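Working notes, beginning with the structure itself.
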Amino acid sequence: MPNTLVLKSSLLGDNSQSNQLIEQAIKGKEVVVRDLAANPVPQLDLDVMTAINSPIESLTTELQQIQKLSDELIAELKAADTVIIGALCITLVCQLN
Numbered sequence: 018m019p020n021t022l023v024l025k026s027s028l029l030g031d032n033s034q035s036n037q038l039i040e041q042a043i044k045g046k047e048v049v050v051r052d053l054a055a056n057p058v059p060q061l062d063l064d065v066m067t068a069i070n071s072p073i074e075s076l077t078t079e080l081q082q083i084q085k086l087s088d089e090l091i092a093e094l095k096a097a098d099t100v101i102i103g104a105l106c107i108t109l110v111c112q113l114n
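So, in structure tokens, the structure goes:
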């Protein structure tokens, strides 16, 4: 069975048109949904890079959580056969920030 990863980015939740389109597309399908607005991923900075590249036992509790989240996100992406990204597009230009 194909594995689909859905990335939602809208702050509008159920009122978002991109989220509504995603819900129609995945209706009745088994998917992994990652709502980046509801559960933001930390931006890359020195702490995140340290956490990603260090042995887990040498990290503080906070950095261990960051490393575990990073590992989880990478595993979800690697396991996905299809990735659906819900992102704001205005006049066919997607916003990156």
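For the sequence shown, my numbering begins at 18 and goes up steadily by one. The beta carbon of each residue, even a glycine, is placed where N, CA and C say it ideally should be. Computed from a prediction, not measured in an experiment: that's the story for all the values here.
Cα-Cα separation, residue i to residue j
i, j, result
"Ala68", "Asp62", "10 Å"
"Leu147", "Gln84", "There is no way to answer for residue 147, as the model of the chain reaches only from 18 to 114."
"Glu74", "Leu28", "35 Å"
"Ala55", "Ser26", "8 Å"
"Ala92", "Val49", "12 Å"
"Cys106", "Gly30", "16 Å"
Which residues DSSP lists as bridging residue i, in chain order
i, result
"Ile101", "Val23"
"Asp116", "Lying before the first or after the last residue shown, residue 116 is absent from the chain, which here runs from 18 to 114."
Presumed contact (8 Å Cβ cut-off) between residue i and residue j, rounded CB distance
i, j, result
"Leu80", "Asp64", "6 Å"
Minimum C-alpha distance to residue i - residue among the options
i, options, result
"Ile101", "Leu28, Gln37 and Asn32", "Gln37"
"Asp88", "Ser26, Ser71 and Val23", "Ser71"
"Met66", "Leu86, Leu94 and Leu53", "Leu86"
"Gln82", "Val58, Leu105 and Leu94", "Val58"
"Leu90", "Arg51, Ile43 and Ala42", "Arg51"
Close beta carbons around residue i, own chain, < 6 Å, minus the five adjacent residues each side
i, result
"Ala96", "Asn20"
Beta-carbon proximity list for residue i, same chain, < 8 Å, skipping 5 on both sides
i, result
"Gly103", "Val23, Leu24, Lys25, Ser26, Ser27, Ser33, Ser35, Asn36, Leu38 and Ile39"
"Lys46", "Thr21"
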